[in-house]
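Here's the structure we're looking at; comments come further down.
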Amino acid sequence: MPRFETTRRVPYSAEQMFAIVADIEKYPQFLPMCESLKVTSRKDDGVTTHVVATMGIGYKAIQESFTTRVVLSPKASPPLIEVAYLDGPFHHLDNRWRFTDRENGSDIHFFIDYQFRSAMLGLVMGTVFDKAFRKFAEAFEDRARQVYGPLGRVGAESSGSKA
Numbered sequence: 253m254p255r256f257e258t259t260r261r262v263p264y265s266a267e268q269m270f271a272i273v274a275d276i277e278k279y280p281q282f283l284p285m286c287e288s289l290k291v292t293s294r295k296d297d298g299v300t301t302h303v304v305a306t307m308g309i310g311y312k313a314i315q316e317s318f319t320t321r322v323v324l325s326p327k328a329s330p331p332l333i334e335v336a337y338l339d340g341p342f343h344h345l346d347n348r349w350r351f352t353d354r355e356n357g358s359d360i361h362f363f364i365d366y367q368f369r370s371a372m373l374g375l376v377m378g379t380v381f382d383k384a385f386r387k388f389a390e391a392f393e394d395r396a397r398q399v400y401g402p403l404g405r406v407g408a409e410s411s412g413s414k415a
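To convert a position in the sequence shown, counted from 1, into this note's numbering, add 252.
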């Protein structure tokens, strides 16, 4: 079962980074392999927001889509985003983000564990997905740079990847 986990220190607040990752409708603009994203439901109870969305992914001639339930918990300590797999080419997919404020920025923790249903698809896409997931944290940091500027609103320089 492929699994990837990393923590990055970034020059943006936990709140700023949470907002970037929570803005799932923008993913096709900057996220590796994400070609489309459609939100099919959104419910906000004042504490958490539950979103069901279908993401279209592609690499060369291979096109797939999968549906997940995303739970956005901005008021949790630390703020948390949890992604639960509902339907698509995976046997399972578990994805979590944690955002922890630090002096002059925040730590962004990214975790993903997944397994394709089809062994053949796993062979074809496994290496590609592994490389893409390794670039996810960087893609979100690049997006924050576009939205908030190179030093963020907290005015620090990035110390890069810790893992």
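Even glycine gets a Cβ: it sits at the ideal position worked out from N, Cα and C.
- In the structure shown, the three-state DSSP call for Glu355 is coil.
- For Thr259, the secondary structure class from DSSP, reduced to helix, strand or coil, is strand.
- In this structure, DSSP gives Thr292 an extended state, which the three-state scheme calls strand.
- For Asn356, the closest alpha carbon among the candidates Glu316, Pro263, Glu334 is that of Pro263.
- Counting along the chain, Arg386 sits inside the alpha helix (DSSP H) bounded by residues 371-400.
- In the three-state DSSP reduction, Val323 falls in the strand class (E or B).
- In this structure, Glu287 is the residue among His344, Glu287, Met269, Tyr400 with its C-alpha nearest to the C-alpha of Lys312.
- About 15 angstroms separates the CB atoms of Phe388 and Met377; that is not less than 8 angstroms, and the two are not in contact.
- The beta carbons of Phe282 and Arg386 sit no closer together than 8 angstroms.
- The beta carbon of Leu345 lies closer than 6 angstroms to those of Tyr337, Tyr366 in the same chain, with the five residues before and after it left out.
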